[in-house]
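Worksheet: the structure to be examined is printed underneath.
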Amino acid sequence: MKYGIAIGKEISPAAPLVLGGDFVESMKYAAGLGFNAVEIHVPKPDMLDTDALISACRKFNIGISTIGTGGMYGGEGLSLIADSENIISEVLARLHSFVHKAALLGSAVTIGSIKGNIPRNKNRKPYFNRLAANVRIIADYAATKNVTILLEATNRLENNLLNSARDVHDFIQEYQLPANVLILVDAFHINIEEASIENCLKDTGDRLGYIHFADNTRRYPGAGCFRFNLLAKAIREYGYDGVLSIECLPLPDSKTVAEASIKFFKETY
Ligand code: LER
Ligand code: MN
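To convert, take the position in the sequence shown, counting from 1, and add 850; that gives my numbering.
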């Protein structure tokens, strides 16, 4: 099992990124605490200096597990189901560049918040068709570079589509998306959407690719009442041995969160 932690350039009490500031400094700090990987959240690919990141990976013996893309939606409203063709072109251009950089970094690329939201008064089917077509474009390109696309189940208050592990699994099946599209589940979203913590990982079939950790409060594991022991049991039963990554609010401060999180991982996994 690998332990990861979410980092970004700027952090705020309202967004689930733990470490902010210079990426190389964050990687050094995370590696020093015992994390094996960082996931880097950036809205634009040109914010990733691949040479500097690759040398930091070597120097500090840490990996980059995935590139988080949600800032495009949170900050600019860009999504893969936008009605505007210009927006879709922009998102696809950024995702192509993220995949190109992910291949250099040995990382995956996450599609989470950028699933967007289907307008309330509209027929939903065309939006699912659009999402599937655009995910396929990116996944086909990613496959040529051996990059995994992590399609995340996110709760209904943030995205009104693909909320549960089963939703994402059934979407992948229905549209026969390529084998490099895997499912990302997140304890914070599991707590809102799933009928059973014990059984929800099974709903991913053989496509479970990544797990985000935050408590029901979106704070670090232990700073809430999510039953992490049940999730640990489900992870063992599924046989998952990939990345477990902290994606929670930097509260009360980044250091407290990072230290409590690595302690939690080491005690539980
Ligand atoms: C993204 O990984 C996620 O979980 C969203 O809730 C972002 O806020
Ligand atoms: Mn998440």
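Heads up, the beta-carbon is just placed ideally off N, CA and C, and yes, glycines get one too.
Item	Value
C-alpha distance - S876 paired with N973, whole-angstrom precision	44 Å
contact_flag[the region 903–915, the region 981–997] where n(CB pairs < 8 Å) is 3 or more	no
Proximity of L1000 and G1072 at Cβ, strictly below 8 Å	no
Reduced DSSP category for S957 - H, G, I as helix; E, B as strand; rest coil	coil
Proximal residues to L955 (C-beta, below 7 Å), its chain only, five neighbours per side dropped	T900, L903, I904, I914
DSSP-derived helix/strand/coil call for I988	helix
Any heavy atom of the ligand LER nearer than 6 Å to the CB - residues listed	P866, G920, G962, S963, E1002, T1004, E1008, D1036, H1062, E1097
Proximity of L1051 and Y1090 at Cβ, strictly below 8 Å	yes
Own chain residues within Cβ distance below 6 Å of E1043, not counting five before or after	N1005, N1013, S1014
C-beta atoms of R1057 and L1094 nearer than 8 Å	no
Buried versus exposed, by CB contacts within 10 Å (16 or more), P866	buried
Helix, strand or coil at I861 according to DSSP, with G and I counted as helix	coil
Expected contact under 8 Å - CB spacing of A864 and I1096 to nearest Å	With 8 Å as the limit, A864 and I1096 do not qualify as a contact, their Cβ atoms being about 17 Å apart.
Nearest neighbour of K965, chosen from K951, R980, N971, A958 [CA to CA]	R980
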